[in-house]
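Below: one structure, written as structure tokens.
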Amino acid sequence: MINDLIQRFMLKTKYAIIDFDVETSVLTLLTYGSRGTFKRSLMDVSLDTSLVSDLDVTQACYLGLKMAEFLQYKNEPMTPKQETQARRVPQGVTHQVSFDRHGHVIYVDPESDIMISQSALLIAKNDTLLRKFSPDVGYAIGLYAGKRLYAKPSAVALISSGPFYVDNVVELR
Amino acid sequence: MVKKRYDTFLAMATYCILITCAISGQNLINVFGLTVTSGMFVFPFTYMFIAASTELYGAQTTRQTIIYCTAANAVMLGVIFLFTQIPSERSAIGSAEVYHAFLNRFSYVLGISTLAFAISENVNVWLLSRLKVLTHGRLFIQRAFLSTVCAVTLDTMLVFPFYFSRQGSFSQAAMEASMVLGMKIFYDIALLPLCWGMVACIKSITAAPTLPQSATPFTSSYYLKQYD
Numbered sequence: 001m002i003n004d005l006i007q008r009f010m011l012k013t014k015y016a017i018i019d020f021d022v023e024t025s026v027l028t029l030l031t032y033g034s035r036g037t038f039k040r041s042l043m044d045v046s047l048d049t050s051l052v053s054d055l056d057v058t059q060a061c062y063l064g065l066k067m068a069e070f071l072q073y074k075n076e077p078m079t080p081k082q083e084t085q086a087r088r089v090p091q092g093v094t095h096q097v098s099f100d101r102h103g104h105v106i107y108v109d110p111e112s113d114i115m116i117s118q119s120a121l122l123i124a125k126n127d128t129l130l131r132k133f134s135p136d137v138g139y140a141i142g143l144y145a146g147k148r149l150y151a152k153p154s155a156v157a158l159i160s161s162g163p164f165y166v167d168n169v170v171e172l173r
Numbered sequence: 174m175v176k177k178r179y180d181t182f183l184a185m186a187t188y189c190i191l192i193t194c195a196i197s198g199q200n201l202i203n204v205f206g207l208t209v210t211s212g213m214f215v216f217p218f219t220y221m222f223i224a225a226s227t228e229l230y231g232a233q234t235t236r237q238t239i240i241y242c243t244a245a246n247a248v249m250l251g252v253i254f255l256f257t258q259i260p261s262e263r264s265a266i267g268s269a270e271v272y273h274a275f276l277n278r279f280s281y282v283l284g285i286s287t288l289a290f291a292i293s294e295n296v297n298v299w300l301l302s303r304l305k306v307l308t309h310g311r312l313f314i315q316r317a318f319l320s321t322v323c324a325v326t327l328d329t330m331l332v333f334p335f336y337f338s339r340q341g342s343f344s345q346a347a348m349e350a351s352m353v354l355g356m357k358i359f360y361d362i363a364l365l366p367l368c369w370g371m372v373a374c375i376k377s378i379t380a381a382p383t384l385p386q387s388a389t390p391f392t393s394s395y396y397l398k399q400y401d
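First to last, the sequence lines map onto chains Y and C.
Quick note: our numbering has the first sequence finishing at residue 173, numbered continuously throughout.
Quick note: our numbering has the second sequence finishing at residue 401, numbered continuously throughout.
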């Protein structure tokens, strides 16, 4: 009960995804403060950066995965601007994270200060690892993991056999 | 991940208590027939904040807090010494002699309490962190109690010259010190639930948010299980 009260007043995570309609690609979101729900399309939620940053990181990653699936098998037209926005990668020193073309996330571990390179898919599967990142980065990780997940088999082989040239990086696959 | 940290708050609270203790140390009050300084009731709060800081942020961060508090007090002592060297005719609280006497007494109490704080709190932190490793992070109340009792005992021994200067004889000073020690330990025990509550509250605030049950299927790890 105390935890619930703290979450209500501190407003750490403002929204939670509680339903997803596969047919129409519509998400149902729960608002923490008022306990009300509202519906938004997957594209609307993904393009709204402030809404993504108010989700839990695991759910932001789920959103990224779903968006990657949507972009791979899309049957709805998207403008180039929308597509660029949907494929956005958070940049800047605050995130301390980058993505390479082999589907790896390169980041500085806040606890050990070691630069680590890890598969986006591996991070997306592990909640503890994922909680090291902000929801914006979680969305991008989901997007990269989804790209790997829904890629054609030939593309997967190309990704996994790719060379790795980053110095001073601990590689964990 | 941006994680809220409350180590600055705990450090500031510790320093505020330390200063308040030095100021209230001038005031003598009668408790059950025993004359003690009112600072005695304020100083144990530092043990509470230091124990909470050690539990939440580790020994290294807490030692830094202790070093900074000691350094700040040393600077303050230096500045007070410079003030006393400036000739003045009168002060806001009366004649210049009264003001200088207050400053001398204040710097004496501040110096002795800072020294006691630096040594006893370092012992407190060391013991609490060692016990945390031994107990695998469990039994916080028991660990805090044991480390605080050791630190309070050491603190009272270090402040013994202060009692001796007031009482005049060794036996009376020893009697006062033992009575004060007993009261301090009793007071610390009374503060332990407050300390535990503060630690639990900060842990709860900084913990990862819990998702509602209905949201669990819409997390990445749950979703990716179907691809394993």
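Glycine is no exception: its CB is placed at the ideal position from the N, C-alpha and C atoms.
Nearest C-alpha to residue 324 of chain C among C:296, C:288, C:245 and C:351: C:296. Fewer than three Cβ pairs drawn from the stretch 42-54 of chain Y and the stretch 115-132 of chain Y lie within less than 8 Å of each other, which leaves the two stretches out of contact. Linking residue 184 of chain C to residue 178 of chain C through their CA atoms gives a straight-line distance of about 12 Å. Close partners of residue 62 of chain Y in chain C (Cβ separation under 7 Å): 391, 392, 393 and 396.
Annotated three-state conformation of residue 210 of chain C is strand, per DSSP. Measuring C-alpha to C-alpha distances from residue 40 of chain Y to each of Y:107, Y:15, Y:100 and Y:131 identifies Y:15 as the nearest. For the pair residue 237 of chain C and residue 115 of chain Y, the Cα-to-Cα distance works out to about 26 Å. Residues of the stretch 46-70 of chain Y that bring their beta carbon within less than 7 Å of a beta carbon in chain C comprise 56, 58, 59, 61, 62 and 65, in sequence order. Residue 104 of chain Y: member of the beta strand (DSSP E) spanning 104-108, first to last residue.
No Cβ-Cβ contact shorter than 7 Å links residue 189 of chain C with residue 286 of chain C.
Contact between residue 58 of chain Y and residue 392 of chain C holds: CB atoms are separated by about 4 Å, below the 8 Å threshold.
A residue is called buried once 16 or more other Cβ atoms fall within 10 Å of its Cβ, and residue 64 of chain Y is buried on that count.
For a Cβ distance threshold of 7 Å, nothing in chain Y lies close to residue 217 of chain C: the least Cβ distance comes to about 26 Å.
By the 16-neighbour rule on beta-carbons within 10 angstroms, residue 81 of chain Y is exposed. If you draw a straight line from the Cα of residue 227 of chain C to the Cα of residue 317 of chain C, it comes to about 10 Å.
Of the residues Y:24, Y:23 and Y:28, the one whose Cα lies closest to the Cα of residue 390 of chain C is Y:28. Neighbours of residue 130 of chain Y across chain C, judged by C-beta separation under 8 Å: 393 and 394. Between residue 113 of chain Y and chain C, the shortest Cβ-Cβ separation is not below 7 Å. Under the three-state reduction of DSSP, residue 16 of chain Y is assigned to strand. Across the structure, residue 343 of chain C and residue 281 of chain C are spaced so that their CA atoms are roughly 20 Å apart. By DSSP's assignment, residue 288 of chain C forms no beta bridge with any residue.
Your pair residue 138 of chain Y and residue 119 of chain Y does not check out as a contact, with CB atoms roughly 15 Å apart and the cut at 8 Å. Around the C-beta of residue 86 of chain Y, 16 or more other C-beta atoms lie within 10 Å, and the residue is accordingly described as buried. Scanning its chain for C-beta atoms nearer than 8 Å, with the 5 sequence neighbours on each side dropped, one finds around residue 215 of chain C the residues 190, 193, 194 and 197, in chain order.
Across the structure, residue 131 of chain Y and residue 362 of chain C are spaced so that their CA atoms are roughly 37 Å apart. For residue 362 of chain C, the enclosing alpha helix (DSSP H) stretches over residues 343-379.
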